[in-house]
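Written below as structure tokens is the structure these notes are about.
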Amino acid sequence: MSRIFKNEAALTPEYIPDRLPYREEKLRLLKTYFGGFLERPGSMYPKVILIGRPGSGKTVTSRKFGEYVVKATNGRVKYVHVSCFLNRTLNSVLRDIGVQLNIPIPKRGFSTEELLKMILEMVRDKDLYAVIALDDVFHLVNSNNGPMALGTLIRLGEEYQSRNDSYRFGLILISQDLVFKEQLDRSSQSSLGNNIITFEPYTKDQIFDILLDRAREAFVDNAYDEEILKMIADVAGVDSEGGNKDEYRGDARYAIDILWRAAKLAEMRNADRIMPEHVREAIKSTLRGIRYDELRMLPLHEKIFLLAIVRSLRRNPNSPYVLFGQAENEYQMLCEQYKQEPRKHTQLWQYLMDMNSKGFVEIRPSGRGMRGRSTLISIPSEPLATLDDELTKIIEGDLGL
Ligand SMILES: Nc1ncnc2c1ncn2[C@@H]1O[C@H](COP(=O)(O)OP(=O)(O)OP(=O)(O)O)[C@@H](O)[C@H]1O
Ligand SMILES: [Mg+2]
Numbered sequence: 185m186s187r188i189f190k191n192e193a194a195l196t197p198e199y200i201p202d203r204l205p206y207r208e209e210k211l212r213l214l215k216t217y218f219g220g221f222l223e224r225p226g227s228m229y230p231k232v233i234l235i236g237r238p239g240s241g242k243t244v245t246s247r248k249f250g251e252y253v254v255k256a257t258n259g260r261v262k263y264v265h266v267s268c269f270l271n272r273t274l275n276s277v278l279r280d281i282g283v284q285l286n287i288p289i290p291k292r293g294f295s296t297e298e299l300l301k302m303i304l305e306m307v308r309d310k311d312l313y314a315v316i317a318l319d320d321v322f323h324l325v326n327s328n329n330g331p332m333a334l335g336t337l338i339r340l341g342e343e344y345q346s347r348n349d350s351y352r353f354g355l356i357l358i359s360q361d362l363v364f365k366e367q368l369d370r371s372s373q374s375s376l377g378n379n380i381i382t383f384e385p386y387t388k389d390q391i392f393d394i395l396l397d398r399a400r401e402a403f404v405d406n407a408y409d410e411e412i413l414k415m416i417a418d419v420a421g422v423d424s425e426g427g428n429k430d431e432y433r434g435d436a437r438y439a440i441d442i443l444w445r446a447a448k449l450a451e452m453r454n455a456d457r458i459m460p461e462h463v464r465e466a467i468k469s470t471l472r473g474i475r476y477d478e479l480r481m482l483p484l485h486e487k488i489f490l491l492a493i494v495r496s497l498r499r500n501p502n503s504p505y506v507l508f509g510q511a512e513n514e515y516q517m518l519c520e521q522y523k524q525e526p527r528k529h530t531q532l533w534q535y536l537m538d539m540n541s542k543g544f545v546e547i548r549p550s551g552r553g554m555r556g557r558s559t560l561i562s563i564p565s566e567p568l569a570t571l572d573d574e575l576t577k578i579i580e581g582d583l584g585l
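If you use our numbering, the sequence shown closes out at 585, no skipped numbers anywhere.
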């Protein structure tokens, strides 16, 4: 029996708490926008955009709304949540929608157009209604043909009307900002409309309240002091006067992560409660600019290449940049160490572009042409030692070491 945890799951990213303090108003807005659709499914095609910084509660609020959708309509309207981080092509988004709607979709051998047609027809034949949330939609837009793919998805809901059927879908698009919208063609933009709900970064007091709920859920009595939660809220929240504009602040995920790590440390050290020193140590080992779940989901060799970039940057602490060529050499050494067949230059270049679009690394072309070994790479958002530890752990886990 743990002396600290009563229900550790309450601190995991998937957990949906009973209530969402400070997001009641956002939920109410969603209910308003979707009210007509939920009362009379098929009568209209609502579309809403949720934007806000990382950890401001967009995903959890949308999922919570999803629970409401199903409950309020007795299951008549379903809720489908698609991660565009995991599904970066139209084909893969459509497959995921199909799976979640229980539409049998053959594993392979069908083009995107055929899939689209299949879903359209099956949804009508099975008389389904659904609210579809496309989460982190900028990942989709940033991929090949992304803007067209999103345009197609937006218009998917309109297809039915032109076929003399009722509207089958409502749409929620989730993103950190509105850049994705500008990348769409005119007609998709206007069809998408302007129902935007903005999620502000959380203040210190708000983070404290969120942590308090989680701590009550997760820990045994007396395993923590409220001051511990305040201490975390101080580093994670923005000042209520708006003085602190640090772009990583206001992030509830970061705060919950620190709390979980501090509790784990306390447990590991056989302490009977979480102490300030556990929190300090946890803060040092918590990533800020990069999300663990995103890190974990990178392809193995992209992780190894990222570790190579980290290692080469650490070799040369006076410079913020490392040359692509240096990172490539380091990568080859790592592959040897991990007994992996190294990927080719062009593949590594693809990985670099991908990590750049995710904001894990920054790149700067150096004089002698892009794509080359002389491109400069930097990692401004994360202490390298933390990233090194974390990546090494994840990679060794992947390799079963
Ligand atoms: N108001 C809240 N009450 C309780 N928990 C919250 C609240 N807001 C966020 N959280 C929790 O904080 C974490 C981050 O929230 P969420 O994943 O919804 O952020 P996000 O806005 O989707 O961030 P990102 O843009 O990085 O995807 C989750 O564990 C979520 O459950
Ligand atoms: Mg999210």
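Ideal Cβ placement from N, Cα and C applies to all residues, glycine included. Bear in mind that the values here come from a model prediction, so they are computed numbers and not experimental data.
heavy atom of ligand 2 below 7 Å from residue i C-beta
i	result
Lys448	no
Thr559	no
Lys242	yes
Own chain partners of residue i with C-beta closer than 6 Å, once the 5 adjacent residues on each side are dropped
i	result
Asp320	Cys268 and Phe269
Arg495	Glu514
Pro140	No answer is possible for residue 140: the residues shown for the chain start at 185 and end at 585.
Pro504	Ser562
Asn326	Ser541
Ile338	Ser372, Ser375 and Leu376
Contact under 8 Å by Cβ, residue i with residue j
i	j	result
His265	Gly250	yes
Glu580	Pro564	no
Phe489	Leu532	yes
Arg187	Asp405	no
Thr382	Gly236	yes
Ser424	Asp389	yes
Asn379	Val261	no
Proximity test, residue i beta-carbon vs ligand 1 heavy atom, cut-off 7 Å
i	result
Ser469	no
Thr387	no
Gly421	no
Asp320	yes
Ala436	yes
Tyr206	yes
Gln360	yes
Gly250	no
Asp397	yes
Arg212	no
Arg475	yes
Phe383	yes
Ile440	yes
Ile356	no
Gly236	yes
Gly226	no
Cβ distance (whole Å) where residue i is taken to contact residue j below 8 Å
i	j	result
Val253	Val315	5 Å
Gly340	Phe322	For the record, residue 340 in the displayed sequence is Leu; it is not Gly. 19 Å between Cβ atoms; not a contact.
Ala407	Ile458	6 Å
Leu195	Ile440	6 Å
Leu318	Leu357	5 Å
Thr570	Leu471	6 Å
Tyr522	Leu583	6 Å
Arg433	Ser469	Actually they are not in contact, since the Cβ atoms of Arg433 and Ser469 sit about 18 Å apart, beyond 8 Å.
Gly509	Arg557	3 Å
Tyr313	Gly259	Contact flag wrong, Cβ pair sits at about 10 Å.
Leu304	Pro331	In fact, because the Cβ distance is near 21 Å, the residues do not count as touching under 8 Å.
Ala399	Phe189	With 8 Å as the limit, Ala399 and Phe189 do not qualify as a contact, their Cβ atoms being about 11 Å apart.
Beta bridge counterpart(s) of residue i as assigned by DSSP
i	result
Arg548	Leu560
Ile354	The sequence as given places Gly at residue 354; Ile does not occur at that position. Per DSSP, Val315.
Leu304	Per DSSP, none; premise fails for Leu304.
Leu211	DSSP lists no partner for Leu211.
Ile381	Leu234
Tyr252	Answer is none; Tyr252 lacks a bridge partner.
Phe392	Phe392 pairs with nothing; no bridge assigned.
Leu507	Leu560
Thr387	Val422
His265	Ala317
Phe189	Phe403
Close Cβ partners of residue i (< 8 Å) along its chain, the five nearest in sequence each way excluded
i	result
Asp572	Leu491, Val494, Arg495 and Arg498
Leu299	Asn275, Leu278, Arg279, Gly282 and Ile289
Leu568	Val494, Leu497 and Arg498
Leu211	Leu204, Thr245, Lys248, Phe249 and Tyr252
Same chain, Cβ closer than 7 Å to residue i, five either side skipped, listed in chain order
i	result
Ile467	Val419 and Ile442
Pro526	Tyr515, Gln516 and Cys519
Asn191	Glu401 and Ala402
Phe392	Leu413, Lys414 and Ala417
Lys487	Leu575, Ile578 and Ile579
Ala193	Tyr199
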